[in-house]
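Taking it in order: structure first as structure tokens, then the write-up.
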Amino acid sequence: MMLYVFKDHEGIRRTLNLPTGRIQNGAFSKENLLSWVLDKSFEGLMRTSRWQLPTLKLKDIEVLVAAKNNYPTIPKASFPDPNLFYYIENSIYPGSRLHGNGFGCTPHWVGAEDQKWRFQPDGKYFFIYNKYYRNNRLTGQGGGTTSSGAIAEDQKWKLSFEGGNRVRITNKNGKKLAQWAVERCEAYVGGTYDDQIWKLIVA
5 MMLYVFKDHE GIRRTLNLPT GRIQNGAFSK ENLLSWVLDK SFEGLMRTSR
55 WQLPTLKLKD IEVLVAAKNN YPTIPKASFP DPNLFYYIEN SIYPGSRLHG
105 NGFGCTPHWV GAEDQKWRFQ PDGKYFFIYN KYYRNNRLTG QGGGTTSSGA
155 IAEDQKWKLS FEGGNRVRIT NKNGKKLAQW AVERCEAYVG GTYDDQIWKL
205 IVA
């Protein structure tokens with residue numbers, strides 16, 4: 005077992021326990037587990053002898069590590085990372101990704117550079133840059149498009165996190181990025197539906 009002790013970005017002490025041995029899952033009979041029964045002979049000697057070796061529980065080990073006061077602080081993670089490119093894939097139409105060849109979504113040409121996007125933070129909003137068309141930014145103009153022109157307010161998008169890598173992407177003008185069919189998506193004005201949930205997958 006590996007025990008990690010650290011402070012999170014709010015200064016709270018956290019621990020993470022990771023197994024280092026083989027993990028067995030499933031239903032087993034007693035006969036299947038004979039070779040996995042723990043040998044408790046050493047524990048028996050500990051209890052009946054005068055060795056007086058300390059027995060530490062997991063919590064005791066955490067306290068000992070923390071007492072050294074040299075455990076690291078883990079900074080708050082930035083997601084999406086402005087240094088990475090992401091596929092923007094719809095959660096209702098798996099495999100259908102936003103592309104920057106004009107504007108649209110497609111399940112084809114997997115790995116194409118124009119299907120990769122970078123999220124550049126600007127306050128509480130993001131500019132969403134295409135990788136292949138380097139200066140093109142996603143905009144909420146009309147039904148959605150890309151632009152390499154002057155920076156504009158309709159190029160700013162807000163992310164609402166739905167858990168994990170799933171987000172809703174809403175333009176500053178209120179339009180929601182939505183998908184109606186495998187190859188049909190647009191910036192939409194209207195109600196809130198699940199086809200507006202997108203997965204950001206590291207490219």
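In this text, residue positions in the sequence shown follow our numbering: the first is 5, and each later residue adds one.
Every residue gets a Cβ at the ideal spot worked out from N, C-alpha and C, and that includes glycine.
Computed from a predicted structure; not experimentally measured.
What does DSSP give as the partner residue(s) for residue i in the beta ladder?
i, result
"residue 103", "108"
"residue 93", "101, 203"
"residue 11", "17, 77"
"residue 132", "123"
Could you pull the start and end residues of the beta strand (DSSP E) that residue i belongs to?
i, result
"residue 125", "120-126"
"residue 184", "180-185"
"residue 175", "170-175"
"residue 165", "160-167"
"residue 88", "Premise fails: residue 88 is in no beta strand (DSSP E) and is neither H nor E."
"residue 152", "Where residue 152 is concerned, there is no enclosing beta strand (DSSP E), given that its DSSP letter is neither H nor E."
Quick one, are the C-beta atoms of residue i and residue j less than 8 Å apart?
i, j, result
"residue 90", "residue 98", "no"
"residue 118", "residue 139", "no"
"residue 191", "residue 127", "no"
Residue i: buried (16+ other C-beta within 10 angstroms of its C-beta) or exposed?
i, result
"residue 77", "exposed"
"residue 103", "buried"
"residue 160", "buried"
"residue 16", "exposed"
"residue 133", "buried"
"residue 18", "exposed"
Checklist entry - Are at least three pairs of beta-carbons, each pair with one atom in the stretch 182-189 and one in the stretch 162-170, less than 8 Å apart? => result Touching, no, given that fewer than three Cβ pairs across the two stretches are closer than 8 Å.
Checklist entry - Should the stretch 151-159 be regarded as contacting the stretch 110-125, the criterion being three or more beta carbon pairs within less than 8 Å? => result They do not touch, by the three-pair rule.
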